[in-house]
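S.K.: Chain order of the listed sequences is D and R.
The first sequence begins at 127 in my numbering and counts up one residue at a time.
The second sequence begins at 3 in my numbering and counts up one residue at a time.
From the three backbone atoms N, C-alpha and C, an ideal C-beta is built for every residue, glycine too.
If you're wondering where the values come from, they're calculated on a predicted model, not measured in any experiment.
The structure under discussion is supplied below as structure tokens; questions concerning it will follow.
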Amino acid sequence: MGATVISHEDALDGGPGPLGATYGKMMMWFFILSDALTFSGFLAAYGFSRFKFIETWPIADEVFNHFPFMHGVDAPMYYVALMTFILIFSSVTMVLAVDAGHHMKKTKVAFYMFLTIIGGFIFLGSQAWEWKNFIKGEFGAVETRGGSILQFVNASGERVALADFAKVLPEERVQHTRDKGVWFSGESALPSYSVAEVVEGFKANPNILVRTEFIKDKQKVVLTREESLKRLEDVVYVVEGANMYRNEYGSKLFANFFFFITGFHGFHVFSGVLINIIIFFNVLLGTYEKRKSYEMVEKVGLYWHFVDLVWVFVFTFFYLV
Amino acid sequence: MAHTHESNTKRIWYVFGLLSIITIVEVAFGIFKPESLHLTSFLGTSPLNWIFIILTIVKAYYIMWAFMHLEGEKASLRWSVVGPLVFLILYLCFIVLVEGNYVYEVFNTGHMKWIF
Numbered sequence: 127m128g129a130t131v132i133s134h135e136d137a138l139d140g141g142p143g144p145l146g147a148t149y150g151k152m153m154m155w156f157f158i159l160s161d162a163l164t165f166s167g168f169l170a171a172y173g174f175s176r177f178k179f180i181e182t183w184p185i186a187d188e189v190f191n192h193f194p195f196m197h198g199v200d201a202p203m204y205y206v207a208l209m210t211f212i213l214i215f216s217s218v219t220m221v222l223a224v225d226a227g228h229h230m231k232k233t234k235v236a237f238y239m240f241l242t243i244i245g246g247f248i249f250l251g252s253q254a255w256e257w258k259n260f261i262k263g264e265f266g267a268v269e270t271r272g273g274s275i276l277q278f279v280n281a282s283g284e285r286v287a288l289a290d291f292a293k294v295l296p297e298e299r300v301q302h303t304r305d306k307g308v309w310f311s312g313e314s315a316l317p318s319y320s321v322a323e324v325v326e327g328f329k330a331n332p333n334i335l336v337r338t339e340f341i342k343d344k345q346k347v348v349l350t351r352e353e354s355l356k357r358l359e360d361v362v363y364v365v366e367g368a369n370m371y372r373n374e375y376g377s378k379l380f381a382n383f384f385f386f387i388t389g390f391h392g393f394h395v396f397s398g399v400l401i402n403i404i405i406f407f408n409v410l411l412g413t414y415e416k417r418k419s420y421e422m423v424e425k426v427g428l429y430w431h432f433v434d435l436v437w438v439f440v441f442t443f444f445y446l447v
Numbered sequence: 003m004a005h006t007h008e009s010n011t012k013r014i015w016y017v018f019g020l021l022s023i024i025t026i027v028e029v030a031f032g033i034f035k036p037e038s039l040h041l042t043s044f045l046g047t048s049p050l051n052w053i054f055i056i057l058t059i060v061k062a063y064y065i066m067w068a069f070m071h072l073e074g075e076k077a078s079l080r081w082s083v084v085g086p087l088v089f090l091i092l093y094l095c096f097i098v099l100v101e102g103n104y105v106y107e108v109f110n111t112g113h114m115k116w117i118f
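Structure, rendered in structure tokens:
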């Protein structure tokens, strides 16, 4: 057998098979298929928990209503819509890079890849900001012995923060840390107010009411003053922001799913950015120019579009529905 | 490459425009929530939710067909990717959501209180 001169990438893997795509591209498609099923599993699990607690699930508009530089303004959805645009736009620049690759325009490919990477970083930054707000919380709430979250509203139904009414009592509670105990156990950071301070503050402010987790006609049910006072007898925790155990927004699973699904998606975006950077440098080095094919750009492009595709579904099922 | 490549830039920008408009419509619906769509029920959920789900699927179609260029691939590749996805996702949603609803009924009508 004589030496074969390989002039075409297809020749390396036996050429396009019955599906009309090279091995690499076909395998990228099947990887995407399996990854898409993974995400479907997560979103279906979210749906399961939501159906299970359909009457008490938090209302997304009330949770995600922050916008940069607009503190205290109720801006539901705008921020995630912006994030969606960023991701769709970085998808556009990616597909423009693939298109330029088909015409072997190296500088154009590099330029569009660069824009895609920038878009990816902006999205990741936005995601981090969203997480920061979610973890920090805004109003605070209390939890009853039965695991129910109680929030506070004023007479016109607007949310009231704990800091606005809680009384400061002459009590002191020091956070228990590992180095102070008799055994190596500690506790997490204490909330700003104790249960007694919240309850006393509530008693002193007659215009504040308790809002329960229960939804009636798409609105959370607000209790009367008497019911509220009775309900507060059961309170055992003050909850500020969100962690893996409890969150001030309502159902505990809500925060867990938020962290897990948006976190897993964010991890995909992050690895997508890394792969894009590697391919970007390969483009600059002329690797694909020498190979006479920019198919590698097309393959990472598929992955990048997939990340966008997943976000479209996360956007719908976490923020809209 | 089996197929030839003419420049698709025009189509790309067209699809971008379309996806943007769909997103804007979704967000507008999400903010204003017209009562006739939001508070009524149709096939188990509000018509508004159905609108969101349908618009999302339209968006997914354009991303996969135009951006991921499924429209230029062979039908066999298209089917071997989209077929399992559609079937398995529908199947999974059916099983899991029906089960979730059942668990809700059990919690709601049982003698034990779960959240109080």
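Can you list, in chain order, the residues of its chain with a C-beta nearer than 7 Å to that of R176 of chain D? Leave out the 5 residues immediately preceding and following it.
M.R.: W183
S.K.: Would H302 of chain D be called buried (16 or more neighbouring beta carbons within 10 Å of its own) or exposed?
M.R.: exposed
S.K.: Taking F444 of chain D and A186 of chain D to be in contact with their CB atoms under 8 Å, please state how far apart those CB atoms are, rounded to whole angstroms.
M.R.: Taking 8 Å as the upper bound for CB-CB distance, F444 of chain D and A186 of chain D are in contact here, some 6 Å apart.
S.K.: Going by CA-CA distance only, name the one from R:M70, R:F96 and R:G32 that's closest to I158 of chain D.
M.R.: R:M70
S.K.: Helix, strand or coil: how does DSSP classify Y363 of chain D here?
M.R.: strand
S.K.: Can you tell me whether G128 of chain D is buried or exposed, with buried defined as 16 or more other CB within 10 angstroms of its CB?
M.R.: For G128 of chain D, the predicted structure reports a pLDDT of 49, less than 50, and the residue's modelled location is therefore unreliable. A value from the coordinates is still provided. Exposed is the label assigned to G128 of chain D, since fewer than 16 other Cβ atoms lie within 10 Å of its Cβ.
S.K.: So, for A315 of chain D: in the same chain, excluding its five sequence neighbours on each side, which residues have a beta-carbon less than 8 Å away from its beta-carbon?
M.R.: For A315 of chain D, where only same-chain residues beyond five positions count, the Cβ hits under 8 Å are Q301.
S.K.: Tell me which residues share the same chain as V348 of chain D and place their Cβ nearer than 8 Å to its Cβ, disregarding the 5 neighbours each side in the sequence.
M.R.: V279, G283, L335, V336, R337 and T338
S.K.: List the residues that DSSP assigns as beta-bridge partners of R80 of chain R.
M.R.: DSSP output for R80 of chain R lists no bridge partner at all.
S.K.: For a test of the three-state rule: what should DSSP assign to K378 of chain D, helix, strand or coil?
M.R.: Correct three-state label for K378 of chain D: helix.
S.K.: I'd like to know if H431 of chain D contacts chain R, where contact means its C-beta is closer than 8 Å to some C-beta of that chain.
M.R.: yes
S.K.: Relative to the alpha-carbon of E188 of chain D, which residue among D:D200, D:K258, D:V235 and D:Y414 has its alpha-carbon at the smallest distance?
M.R.: D:D200
S.K.: Mind listing which residues of the stretch 141-169 of chain D have their C-beta closer than 8 Å to chain C's C-betas, in chain order?
M.R.: Included in the structure are the protein chains D and R, with no chain C among them.
S.K.: Assuming V362 of chain D and Y319 of chain D are in contact, meaning their beta carbons sit under 8 Å apart, how far apart are those beta carbons, in whole angstroms?
M.R.: The C-beta distance from V362 of chain D to Y319 of chain D rounds to 14 Å, too long to fall under 8 Å, and the pair is not in contact.
S.K.: What residues from chain R crowd round L446 of chain D, counting only those whose CB sits closer than 7 Å?
M.R.: E28, G32 and F54
S.K.: Could you name the residues that DSSP lists as bridge partners for K342 of chain D?
M.R.: D:Q345
S.K.: Please state the DSSP three-state secondary structure of F310 of chain D.
M.R.: coil
S.K.: Indicate whether at least one CB of chain D lies closer than 8 Å to the CB of N18 of chain R.
M.R.: A quick correction: the sequence has Phe, not Asn, at residue 18 of chain R. Yes, contact with chain D.
S.K.: Closer than 7 Å, Cβ to Cβ, to anything on chain R: give me those residues from the stretch 369-398 of chain D, in chain order.
M.R.: none
S.K.: So that I know if they touch, is there some Cβ in chain D lying closer than 8 Å to that of V60 of chain R?
M.R.: no
S.K.: Is V88 of chain R close to chain D, meaning its C-beta is less than 8 Å from at least one C-beta of that chain?
M.R.: no
S.K.: Taking the alpha carbon of L145 of chain D as the point to measure from, which residue in R:L72, R:N110 and R:W116 has its own alpha carbon closest?
M.R.: With respect to the C-alpha of L145 of chain D, the residue from R:L72, R:N110 and R:W116 having the closest C-alpha is R:L72.
S.K.: Taking Cβ-Cβ distances below 7 Å as the criterion, which residues of the stretch 234-266 of chain D are in contact with chain R?
M.R.: none
S.K.: Rounded to whole angstroms, how far is the Cβ of G173 of chain D from the Cβ of V98 of chain R, which I believe are closer than 8 Å?
M.R.: 6 Å
S.K.: Between which two residues does the alpha helix (DSSP H) containing A207 of chain D stretch?
M.R.: From DSSP, the alpha helix (DSSP H) with A207 of chain D extends over Y204 to H228.
S.K.: Give the straight-line distance between the Cα atoms of V27 of chain R and V17 of chain R, rounded to the nearest whole angstrom.
M.R.: 15 Å
S.K.: So with CB distances below 7 Å, who are the chain R contacts of G283 of chain D?
M.R.: Those do not exist, as G283 of chain D stays about 16 Å from chain R at its closest Cβ, beyond 7 Å.
S.K.: Closer than 8 Å, CB to CB, is S22 of chain R near chain D or not?
M.R.: yes
S.K.: Since V268 of chain D is in the beta strand (DSSP E), which residue starts that stretch and which ends it?
M.R.: DSSP places V268 of chain D in the uninterrupted beta strand (DSSP E) bounded by A267 to T270.
S.K.: Counting only the same chain and skipping the five closest in sequence on each side, list residues whose C-beta sits under 8 Å from that of F215 of chain D.
M.R.: Only G245 meet the Cβ criterion.
S.K.: In whole angstroms, what separates the C-alpha of E269 of chain D from that of R285 of chain D?
M.R.: 16 Å
S.K.: CB V423 of chain D to CB G227 of chain D, shorter than 8 Å?
M.R.: In contact: V423 of chain D and G227 of chain D (Cβ atoms closer than 8 Å).
S.K.: Look at the Cβ atom of H394 of chain D, then the Cβ atom of V433 of chain D, and state whether they are nearer than 8 Å.
M.R.: yes
S.K.: Note down, in chain order, every chain D residue with its Cβ under 9 Å from the Cβ of E101 of chain R.
M.R.: Those within 9 Å of E101 of chain R in chain D are F174, F177 and K178.
S.K.: Find the residues of chain D that neighbour Y106 of chain R, judging by a C-beta separation of less than 9 Å, and give them in chain order.
M.R.: Chain-ordered, the chain D residues with CB closer than 9 Å to the CB of Y106 of chain R read F177, K178, F179, I180 and E181.
S.K.: Using DSSP's beta-bridge definition, name the partner residues of Q373 of chain D.
M.R.: The identity of residue 373 of chain D in the sequence shown is Asn, whereas the question assumes Gln. N373 of chain D pairs with D:A368 and D:G376.
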